[in-house]
Amino acid sequence: MHTLPLLQLALLTSSVSAFFPFAPDWLQKQDGTLSAREVNRDVDGEGASGFSLGLQRKPDVTSTKPAERAAREAKRLATKYQRSHPAQGETSPDVVRRSNQYPVTGADDPSKDMTAGVNQDGADYSYFVKVKLGSKSKSMYMLVDTGAGSSWVMGSSCTSKACTMHSTFGPDDSSTFKTANKDFSISYGSGTVSGTLATDTISLAGVSFTYNFGLASNTSDDFTRFAFDGILGLSMSQGANDNFVKSMGDAKKLDKSMFAVSLNRASDGTNTGEIRFGSTNSDKYKGDITYTPVSSSGGDWAIQLDDVTYDGSKAQVGGVKSYIDTGTSFIFGPADLVKKVHGVIPGSESGDGLTYTVPCDSKPLTLTFSGVDFAISPKDWVSPKDSSGKCTSNIYGHEAVPGAWLLGDTFLKNVYAVFDKDQKRIGFAKPAGGSQTGSSSSSGKGTASATGTSTLLATGVSSQQSGKPTLGLGGHETQSGGATATGDATKPTETSHSAAPAGGARIATKLCTGIAMAALLAALV
């Protein structure tokens, strides 16, 4: 892959979406501990109804310093989110199709209706659902992305290298398949996906309905490094195709246009993560759900952060928008705000103002929304020790849209998250049975310690994939024509565990998600 095509791809077409692997130094220095625990199992061999979610980590081959990679990618993302119209994406050479062998940690089967298990690869970095498409129920893995409005899968006519390594879908897989005779093109900071729109039956969480989605005929090589066969956009905005949650509601499959997510930490053992549509699961949280309203102007899942606190000391970084993104692994924010956060953490240091080392025995970090505190375990925000005995903070000082936070799975593993499209609000509650103040990374176990006991499944990648992982995804998407939030005004009935929403409406702007996730891109340039 050449630099010029990548720069062109960073500008792309009708919609713009972020999918950016980001591998900090501490992660690159870890060896591939997952490989010894992997077992092979194809996509169709897993589960029955609904879709399951998994997470993928892939090798990185770059020696570029994280700060340099991140700065380069942040610059690209800032340009990308100006909604420009880029040049046509490149065509990959013809490659012989190979079997899918991506490692995925399987989740327990959910006990509730309208619910799907959330799987992961044992490293807590990205989460996938399994959907079934068409009359023959072809299984496809799709990244769950609350930052994207578009949904697509790799098409059977695609000859790009990534498509040869993944499951694909096309006319031969379904007697009910229909093409929409409309092209789509989605830009990612590190690549592109383009193709045509199609309509067919999609099945997930035990329900089926007709859905319009993208069928990719061209993908960038970036997608060779991840298990998913496409992306399931769960934002409120209208993407290149029909809004997924709205389509589900229009098909009369939802009592309420909402979904709730519980993400499991690999080191906690048995994977009980899930996503539930239409209602919450009171078994997954304790206490009240605290709601904060989102702005409906842009269709993003973004709310205002009150502040960040460490051991009682407030960082004074509140009053700014925070994007809540299941498609992002870490936490990213403006460099000046990230500096303030680490300023209240004794012993934190930074050589570039972007990446910080912190004491390995650091305490939980607290984020406050609508006056309620939610603690992030040091298992998640503090990396394992590196070879020199130092630990890195998983809160990085990078931004693409000034003044905004991007809160990914580092935060979401510590809450039960509710995305309420009807009332345009996000709710958080403390997870049931989980400790938000768990042990720190001083033992060398952190976000990527992969010490869980869940069964590992394989969902697709070439045997050529080996070595150290490239991790960290970002998934926000914007529309060049102006995304619009959609959804009915029906007010959902609260459960006995839910609290009333708090706070005023905020105006949403488009964030360049996946801020500074540059490891893979730098390796390819």
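The sequence shown lines up with residues -18 to -1, 1 to 507 when you count with mature numbering (1 follows the signal peptide of the UniProt record, and there is no 0).
Every residue gets a Cβ at the ideal spot worked out from N, C-alpha and C, and that includes glycine.
For the 8 Å Cβ check, are there 3 or more pairs between the segment 156 to 168 and the segment 178 to 192? yes
Collapsed DSSP secondary structure at L394 in the structure displayed: helix
DSSP three-state call for S264: helix, strand or coil? helix
Enclosing alpha helix (DSSP H) for D355 [first to last residue]: No alpha helix (DSSP H) holds D355; the beta strand (DSSP E) holding it covers 354 to 358.
Identify, in the order they occur along the chain, each residue of the same chain with its Cβ nearer than 7 Å to the Cβ of P48, setting aside the five sequence neighbours on each side. Note that P48 scores a pLDDT of 46, beneath 50, so its modelled location is shaky and nothing firm can be said.
Touching or not, the segment 100 to 118 and the segment 138 to 146, by the rule of three or more beta carbon pairs under 8 Å? no
For the segment 212 to 262, which segments carrying the beta strand (DSSP E) assignment without a break, of at least 3 residues, lie completely within its bounds, in sequence order? 212 to 215, 240 to 244, 256 to 259
Exposed or buried, K160, counting other C-beta atoms within 10 Å across all chains shown (16 or more means buried)? exposed
Out of F410, G99, K412, I408, state which residue places its alpha-carbon closest to the alpha-carbon of T252. G99
Between the Cα of T374 and the Cα atoms of G325, K322, C342, which residue gives the shortest distance? C342
Supposed contact pair G255 and N246 - C-beta distance, whole angstroms, cut 8 Å: 4 Å
For P85, which three-state DSSP category applies? strand
Are the segment 349 to 361 and the segment 396 to 408 touching, with three or more C-beta to C-beta distances below 8 Å? yes
C-alpha distance - G281 paired with D402, whole-angstrom precision: 12 Å
Using only alpha-carbon positions, find the residue among A233, S121, S219, D307 that is nearest to A242. D307
Going along the chain, which residues of its own chain have a beta-carbon closer than 6 Å to the beta-carbon of I489, five neighbours each way excluded? Its pLDDT being 27, under 50, I489 is placed unreliably in this model, and the value from its coordinates should be taken loosely. Excluding positions up to five away in sequence, the list reads S277, S279.
Counting pairs of Cβ atoms below 8 Å between the segment 87 to 104 and the segment 216 to 233, do you hit three or more? no
Does the distance from the CB of S139 to the CB of G152 come in under 8 Å? yes
Rounded Cβ spacing between S332 and W283 (contact assumed at less than 8 Å): The Cβ separation is near 29 Å, so there is no contact.
Leaving out five residues before and five after A198 in sequence, what residues of the same chain have Cβ atoms less than 6 Å from its Cβ? W134, M136, G137, C140, V175, G177
Exposed or buried, D318, counting other C-beta atoms within 10 Å across all chains shown (16 or more means buried)? exposed
D182 and T158 closer than 8 Å at C-beta: yes
Beta-carbon contacts of V400 that lie in its chain and below 7 Å, excluding the five residues immediately before and after: M240, A242, T262, I271, I408, G409
Per DSSP, W134 forms a beta bridge with which residues? G196, I213
Between the C-alpha atoms of A411 and L115, what's the straight-line distance to the nearest angstrom? 33 Å
Which class does L336 belong to by DSSP, given the choice of helix, strand or coil? coil
Would P384 be called buried (16 or more neighbouring beta carbons within 10 Å of its own) or exposed? exposed
Look up C373 in the DSSP assignment and say whether it is helix, strand or coil. strand
In three-state terms, what does DSSP make of W283? coil
Considering only residues of the same chain and omitting the five flanking positions on each side of T348, which have a CB-CB separation below 6 Å? T291, D355, A357
Where does A162 fall in DSSP's three states? strand
For S190, which beta-bridge partners are listed by DSSP? S185
Buried or exposed by the 16-neighbour rule on C-beta atoms within 10 Å, applied to S421: Residue placement at S421 is flagged as unreliable, the pLDDT there being 43, under the threshold of 50; a coordinate-derived value is accordingly withheld.
Extent of the continuous alpha helix (DSSP H) run through K406: Looking at the DSSP string, K406 is not in any alpha helix (DSSP H), and its letter there is neither H nor E.
Please report the residue range of the beta strand (DSSP E) in which K112 lies. 110 to 115
By Cβ distance below 7 Å, which residues in the same chain neighbour G390 in space, the five residues on each side in sequence not counted? D307, T310, S311, F312, I313
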